[in-house]
Amino acid sequence: MLSLLHHPNLVNLIGYCADGDQRLLVYEFMPLGSLEDHLHGLPLDKEPLDWNTRMKIAAGAARGLEYLHDKANPPVIYRDFKSSNILLDDGFHPKLSDFGLAKLGPVGDQSHVSTRVMGTFGYCAPEYAMTGQLTVKSDVYSFGVVFLELITGRKVIDSTRAHGEQNLVSWARPMFNDRRKLARLVDPRLQGQFPMRGLYQALAVASMCIQEEASARPHIADVVTALSYLASQTYDPHALRGRQRDDQKREDRLILNIEGVVRDDSARENAGIMNKNFDRERAVAEAKMWGANWREKQRAAEQGRFDAVNLNG
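full-length UniProt numbering puts the first residue of the sequence shown at 1, with every later residue one more than the last.
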């Protein structure tokens, strides 16, 4: 299958060898290893991935999935999206590898592909794990899990942690609804070097991707738009420190204004639920909108350079 797929965020298949019952695939060399190596197997003398690089990797990996889902014909469901299958080229350019479990997606009136449940525990979407019904939204769930890995630096399943923290998704989900706890989700190796507003938007995207209901998850194209914007915003901890404080004050005023109209305990509880959904969906919508504007500016700039070349020519 990989021989028919070509995209900057998919590894290139160089060739293969077949000798008797032995089979060997030869891929391009990826000098920086896998994303898993940099998140969970990094030697103490190596610097951890910074926030900008993490967003760049997430955006590139999402573009690889977008190609499989929306550009390939018929669509391809990757089925084994995980950090060990994201390889890194020079400059931390990500490429998806290992298409041994990939399946052609549904065509025509089909809504899903029924198949034996395969993949890696912790990354599989719940509906696929329970029914064997596979859709492109199953990949979106797996992407959300890997995105959480990038943000938190935690393993998806870690039996060495305390009870209640061993499953990454189960540990993270309750904190999505409490803005005061969101900073606890960030990899401590970043030592606070991340944009708070960018964190809100990144966690909003991750939260939408790991929804229990497949229909509630976003399309991968929307994820790409949001993450392309986040990846384009180069984080400078010194330049943005004051701006972060201003953003936080605006967010706090918004929450206070909304909560100020609540009159009783039951209404306060309902408003709290509405605020949580509002915050998450607003963050996703803002990231998508800014991402679309950013891409439009990029196209305009490229067109301007093209026109300049024609005039000079």
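Don't be surprised by glycine CBs; every beta carbon is placed ideally from N, CA and C.
- What's the gap between the Cα of histidine 6 and the Cα of asparagine 12? Counting from one through the sequence shown, the residue named residue 6 turns up at place 6. Counting from one through the sequence shown, the residue named residue 12 turns up at place 12. In a straight line, the C-alpha of histidine 6 is about 7 Å away from that of asparagine 12.
- Item | Residues of its chain near alanine 72, where Cβ-Cβ distance is below 7 Å and the 5 sequence neighbours each way are ignored | Position 72 of the sequence shown, counted from the first residue, corresponds to residue 72. Counting only Cβ-Cβ distances below 7 Å, and skipping sequence neighbours, we find Leu5.
- Query: Are the beta-carbon atoms of leucine 96 and asparagine 9 separated by less than 9 Å?
  - Reply: Looking up residue 96 in the sequence shown gives position 96. Looking up residue 9 in the sequence shown gives position 9. Yes, Cβ-Cβ distance for leucine 96 and asparagine 9 is below 9 Å.
- Message: Comparing C-alpha positions only, which one of Ser142, Val136, Asp178 and Val224 sits nearest to tyrosine 123?
- Response: What you label residue 123 is simply residue 123 of the sequence shown in a count that begins at 1. Measuring from the Cα of tyrosine 123, the nearest candidate turns out to be Ser142.
- Task: Determine, using beta-carbon pairs with one atom in the region 53 to 63 and one in the region 224 to 235, whether at least three such pairs fall under 8 Å.
- Result: yes
- Item | Sequence-distant residues of its chain with Cβ nearer than 6 Å to valine 146 (five each side left out) | Sequence index remark: in the sequence shown, residue 146 carries index 146 (1-based). Correct list, in chain order: Ser83.
- Answer with buried or exposed for valine 136, where buried requires no fewer than 16 other C-beta atoms within 10 angstroms of its C-beta. Counting from one through the sequence shown, the residue named residue 136 turns up at place 136. Looking at its Cβ environment, which holds 16 or more other Cβ atoms inside 10 Å, valine 136 is buried.
- Contact under 9 Å by Cβ, cysteine 209 with valine 156: What you label residue 209 is simply residue 209 of the sequence shown in a count that begins at 1. What you label residue 156 is simply residue 156 of the sequence shown in a count that begins at 1. No, Cβ-Cβ distance for cysteine 209 and valine 156 is not below 9 Å.
- Query: Can you round the beta-carbon distance between proline 48 and aspartate 222 to whole angstroms, since I take them to be within the 8 Å contact cut?
  - Reply: The sequence position of residue 48 within the sequence shown is 48, counting from 1. The sequence position of residue 222 within the sequence shown is 222, counting from 1. In fact, because the Cβ distance is near 29 Å, the residues do not count as touching under 8 Å.
- Query: Which stretch, first to last residue, makes up the beta strand (DSSP E) that contains lysine 95?
  - Reply: Mapped onto the sequence shown, residue 95 falls at position 95. Following the DSSP letters along the chain, one finds lysine 95 inside the beta strand (DSSP E) bounded by residues 94 to 96.
- Message: Please classify leucine 44 as buried or exposed, where buried requires at least 16 neighbouring CB atoms within 10 angstroms.
- Response: Within the sequence shown, residue 44 is the residue found at index 44, counting from 1. That one is exposed.
- Item | Exposure of alanine 172, with buried meaning 16 or more beta-carbon neighbours within 10 Å | Here the question's residue 172 lines up with position 172 in the sequence shown. Sixteen is the threshold: when 16 or more other Cβ atoms of the shown chains lie within 10 Å of the Cβ of alanine 172, as they do, the residue is buried.
- Pairwise C-alpha distance: methionine 196 and isoleucine 151: Within the sequence shown, residue 151 is the residue found at index 151, counting from 1. Within the sequence shown, residue 196 is the residue found at index 196, counting from 1. It is roughly 12 Å from the alpha-carbon of isoleucine 151 to the alpha-carbon of methionine 196.
- Query: Going by beta carbon distance, what residues of the same chain come within less than 7 Å of glycine 144, once the five residues before and after it are set aside?
  - Reply: Within the sequence shown, numbered from 1, the residue matching residue 144 stands at position 144. Only Ala206, Cys209 and Ile210 meet the Cβ criterion.
- Item | Proximity winner among Asn52, Gly41 and Thr160, relative to glutamine 193 (alpha-carbon distances) | Here residue 193 corresponds to residue number 193 of the sequence shown, with the count starting at 1. Of Asn52, Gly41 and Thr160, the residue nearest in Cα terms is Asn52.
- Run through DSSP, which three-state label would asparagine 167 get? In the sequence shown, counting from the first residue as 1, residue 167 sits at position 167. If DSSP states are grouped into helix, strand and coil, asparagine 167 belongs with the strands.
- Message: Runs of 3 residues minimum, wholly inside the region 6 to 53: which ones carry the beta strand (DSSP E) assignment?
- Response: 13 to 19 and 22 to 27
- Task: Ignore the nearest five residues each way along the sequence and tell me which others in proline 218's own chain have a CB closer than 6 Å to its CB.
- Result: On the sequence shown, residue 218 is found 218 positions in, with the first residue counted as 1. Here the set comprises Met208.
- Task: For valine 76, name the three-state secondary structure that DSSP assigns.
- Result: Translated into the one-based positions of the sequence shown, residue 76 becomes position 76. Residue state, collapsed to three classes: strand.
- With leucine 88 as the anchor, note down where its beta strand (DSSP E) starts and where it stops. Counting from 1 along the sequence shown, the entry for residue 88 is found at position 88. First-last of the beta strand (DSSP E) with leucine 88: 86 to 88.
- Item | Three-way DSSP call (helix, strand, coil) for glycine 210 in this model | Counting from 1 along the sequence shown, the entry for residue 210 is found at position 210. Reading the sequence as shown, one finds isoleucine at residue 210 and not glycine. Reduced to three states, the DSSP call for isoleucine 210 is coil.
- Buried or exposed: histidine 38, going by 16 or more other Cβ atoms within 10 Å of its Cβ? Your numbering for residue 38 matches position 38 in the sequence shown. By the 10 Å Cβ count, histidine 38 comes out buried.
- Which ranges would you report for the beta strand (DSSP E) in the region 118 to 155 if only whole runs of at least 3 residues count? none
- Task: Go through its chain and collect everything with a Cβ distance to asparagine 85's Cβ below 7 Å, but skip five positions before and after it.
- Result: Here the question's residue 85 lines up with position 85 in the sequence shown. Excluding residues within five positions, the ones whose Cβ falls inside 7 Å are Leu96, Ser97 and Asp98.
- Go ahead and label isoleucine 14 buried or exposed: buried means 16 or more other beta carbons lie within 10 angstroms of its beta carbon, across all protein chains shown. Stepping through the sequence shown from its first residue, residue 14 is reached at position 14. Burial state of isoleucine 14 is exposed, judged by a 10 Å Cβ sphere holding fewer than 16 other Cβ atoms.
- Item | Close-in-space but distant-in-sequence residues of the same chain around proline 126 (CB under 8 Å, 5 per side omitted) | For the purposes of this step, residue 126 is taken as the residue at position 126 of the sequence shown. Cβ within range, chain order: Tyr141 and Glu212.
- Cβ separation of isoleucine 220 and histidine 69, assumed to be a contact under 8 Å, to the nearest whole Å: The sequence position of residue 220 within the sequence shown is 220, counting from 1. The sequence position of residue 69 within the sequence shown is 69, counting from 1. Confirmed, Cβ separation roughly 5 Å.
- Item | Inter-residue CB distance, phenylalanine 176 and leucine 199 (contact presumed, cutoff 8 Å) | Taking the first residue of the sequence shown as position 1, residue 176 is located at position 176. Taking the first residue of the sequence shown as position 1, residue 199 is located at position 199. About 12 Å separates the two Cβ atoms, so there is no contact after all.
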